[in-house]
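Position 55 of the sequence shown, counting from 1, maps to 54 under numbering that gives the first Met the number 0, and the rest follow consecutively.
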Amino acid sequence: MTLKALQLLASVLAFGLVIGGRAGAENPRPGQTPAKPAPSPEAAKPAASPETQTKEPDRVVVQHILVSFSGKLPGKTISRTQEEARALAGQILERARKGEEFDALVKQYTDDQAPGVYKMFNRGRTAADRDEYARQGMVPCFGDMSFHLAPGEIGVCEYDQQRSPYGWHIIKRIK
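Dropping the structure here:
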């Protein structure tokens, strides 16, 4: 190969790399590994875990009202329908957010045991006492909602077969 041919080949190869380094990346030859672009300075930084992106507390104390419906709460006979439970949960949530005494609402409406107070510890932590529950030991929506609320804030987990299988949870974070 002549010097001119080598220079031309080098130019063609360099041009292919400059155009995004994709020559053959989308359709590599059999047995060929596609080229990967160099990571940007941002991509080179370690990914933040969900706990560090939005700093979640190590522990929370919440109080909740469970509004269930027929066939959803083992060991308990509840006669309301799913639609009735949804409507009742909406009414209770509205009253709680307007400042009505949460303890009184719990005593009047919960299908769980009153007072409905749970102490929980977050992922990667251990129980401080035997009355504390692991976040991941709760139904998914209940655990997630509890750690995303600010103290005094009220949220709701809507009925979902996987994330909130017992009905609607109206949750108030106490601590």
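By construction, the Cβ of each residue, glycine as well, lies at the ideal position given by its N, Cα and C atoms.
Asked: What does the alpha-carbon distance come out to for the pair His147 and Arg134?; Found: 12 Å
Asked: Between the alpha carbons of Asn99 and Lys171, how many angstroms are there, rounded?; Found: Rather than Asn, the amino acid found at residue 99 in this sequence is Glu. Spanning the two alpha carbons is a distance of roughly 12 Å.
Asked: Hey, Ile91 and Val61: beta-carbon distance below 8 Å or not?; Found: no
Asked: In angstroms, rounded to a whole number, what distance separates the CA positions of Ile169 and Lys75?; Found: 19 Å
Asked: Mapping the DSSP letters down to three states, classify Phe146 as helix, strand or coil.; Found: helix
Asked: Taking its Cβ as the centre, do 16 or more other Cβ atoms sit within 10 Å of Asp110, making it buried, or is it exposed?; Found: buried
Asked: For the putative contact between Ile64 and Val105, defined by C-beta atoms under 8 Å, what is the C-beta separation to the nearest angstrom?; Found: 5 Å
Asked: How is the beta strand (DSSP E) around Leu92 delimited, first residue to last?; Found: First-last for Leu92: Gln81 to Arg96, but that is the alpha helix (DSSP H), not the beta strand (DSSP E).
Asked: Which residue marks the beginning of the alpha helix (DSSP H) containing Lys106, and which one marks its end?; Found: Phe101 to Tyr108
Asked: DSSP state of Gln62, grouped into three classes?; Found: strand
Asked: What is the rounded straight-line gap between the Cα of Ser78 and the Cα of Ala88?; Found: 15 Å
Asked: Go to Phe120, then tell me how far its beta strand (DSSP E) extends in each direction, as first and last residue.; Found: Val116 to Phe120
Asked: Could you check whether Gln81 and Tyr165 sit closer than 8 Å to each other, using their CB atoms as the reference points?; Found: no
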